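Trainee: To start, I am sharing the structure in question, which I have written as structure tokens.
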Amino acid sequence: MEAARLLRSSRYAIVFTGAGVSAESGIPTFRGSGGLWRRYRPEDLATPEAFQRDPELVWKWYSWRIRMVLEAEPNLAHKAIARLEEAGLVKAVITQNVDGLHRRAGSRNVIELHGSILRVRCTRCSYRSILAREPGDIPPRCPMCGGLLRPDVVWFGETLPLGELEKAWNEAAKADLVMVVGTSGVVEPAASIPLAVLSHGGSMINVNPEPNRYTGLADVEARMVATRFFRPLLRELGLAR
Ligand code: OAD
25 MEAARLLRSS RYAIVFTGAG VSAESGIPTF RGSGGLWRRY RPEDLATPEA
75 FQRDPELVWK WYSWRIRMVL EAEPNLAHKA IARLEEAGLV KAVITQNVDG
125 LHRRAGSRNV IELHGSILRV RCTRCSYRSI LAREPGDIPP RCPMCGGLLR
175 PDVVWFGETL PLGELEKAWN EAAKADLVMV VGTSGVVEPA ASIPLAVLSH
225 GGSMINVNPE PNRYTGLADV EARMVATRFF RPLLRELGLA R
């Protein structure tokens, strides 16, 4: 298996993931069949303007998604990525996902480019908190100042958390292999991070049942769902439990 060979011979491999890695945990993706942006308009739900206009509507949608994330379990792909890190074959996981499933699967060096749906922050003061369940009152209010709380995620039109973005670029600069798993690769600046690995001569493995931004650029095209890719990979690397 070419992917196993590339991983074994790499010096510094990183993983870059999108919604597709969590699809088999029952969390819908954004684009493609069953995708959230097929049923909802991002400008109604995932922009600062939408939140200002109707915080209750935005919070209802996020509460539904928070519940889904809390009920979901990491799948074999999340676990395999964590196992590869444990074995020293993967150094970092850069994710666009807000579901926290990589950490729950055991990945340690996780960079969350788009925030976390399980955190809230105050729109007025510096209060931040972690959610163990969806908020009871909608829209939730800050216990410190009474201001509106918002999900600690990146909305359209907002900048990415600077520290995370910097860490991601640093990892990409060090990497000689990037495994891209379950992303369409259309949302910038995130989507350019794997391209940085290619631009300094590194390799790419692209795991996706559909063609995406990286099709034609990757060294290995694994045209399949993530769990189907990772099961034999772990076996071949002698890491299956
Ligand atoms: P998308 O919904 O754009 O793309 C999901 C990708 O996963 C598609 O290319 C699918 O073909 C693929 N896919 C589906 N099922 C899969 C499976 N079982 N295994 C592997 N791949 C599978 O999601 P993202 O690329 O993550 O931004 O979207 C990027 C950003 O757009 C998200 O972070 C979000 C969204 O708007 C923000 O919230 C800021």
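Be aware that the sequence shown starts at 25, since it is given in the numbering used here, and climbs by one per residue.
Every residue, glycine too, gets a C-beta built ideally from N, C-alpha and C.
Predicted, not measured: the structure shown is a model, and the values here were computed from it.
(1) For the ligand OAD, any of its heavy atoms closer than 8 Å to the Cβ of residue 75?
(2) Relative to the C-alpha of residue 81, which residue among 153, 162 and 190 is closest?
(3) To the nearest angstrom, report how far apart residue 142 and residue 94 are at their CA atoms.
(4) Can you tell me whether residue 223 is helix, strand or coil according to DSSP?
(5) Give the range of the beta strand (DSSP E) segment to which residue 90 is assigned.
(6) Grab the span of the alpha helix (DSSP H) containing residue 119 for me, first residue to last.
(7) Does the count of Cβ pairs from the stretch 172-185 and the stretch 130-141 closer than 8 Å reach three?
(8) May I ask you to verify whether the stretch 235-249 touches the stretch 201-219, counting CB pairs closer than 8 Å and requiring at least 3?
(9) Identify every residue that forms a DSSP beta bridge with residue 153.
(10) When you compare only the Cα positions, how much space is there between residue 25 and residue 120?
(11) Reducing DSSP to helix, strand and coil, say where residue 174 ends up.
(12) Consider the C-beta atom of residue 42 and the heavy atoms of the ligand OAD; say whether any pair is separated by less than 8 Å.
(13) Along the chain, where does the alpha helix (DSSP H) containing residue 135 start, and where does it finish?
(14) Report yes if the C-beta of residue 27 is less than 8 Å from at least one heavy atom of the ligand OAD; otherwise report no.
(15) Kindly indicate the opening and closing residues of the alpha helix (DSSP H) around residue 254.
(16) Could you spell out where the beta strand (DSSP E) holding residue 39 opens and where it closes?
(17) Going by Cα to Cα distance, which pick from 29, 236, 38 and 145 is closest to residue 131?
(18) What would DSSP say about residue 230, mapped onto helix, strand or coil?
(19) Compute the minimum distance between the beta carbon of residue 218 and the heavy atoms of the ligand OAD, and state whether it is under 8 Å.
Mentor: Reading off the structure:
(1) no
(2) 162
(3) 9 Å
(4) helix
(5) For residue 90, no beta strand (DSSP E) encloses it; the enclosing alpha helix (DSSP H) starts and ends at 79-95.
(6) Counting along the chain, residue 119 falls outside any alpha helix (DSSP H), though it belongs to the beta strand (DSSP E) covering 116-119.
(7) yes
(8) yes
(9) Beta-bridge pairing links residue 153 to 144.
(10) Approximately 27 Å, taken between the alpha carbons.
(11) strand
(12) yes
(13) Premise fails: residue 135 lies in the beta strand (DSSP E), 134-136, not in any alpha helix (DSSP H).
(14) no
(15) Segment 250-260, the alpha helix (DSSP H) holding residue 254.
(16) Segment 37-41, the beta strand (DSSP E) holding residue 39.
(17) Of the residues 29, 236, 38 and 145, the one whose Cα lies closest to the Cα of residue 131 is 38.
(18) strand
(19) no
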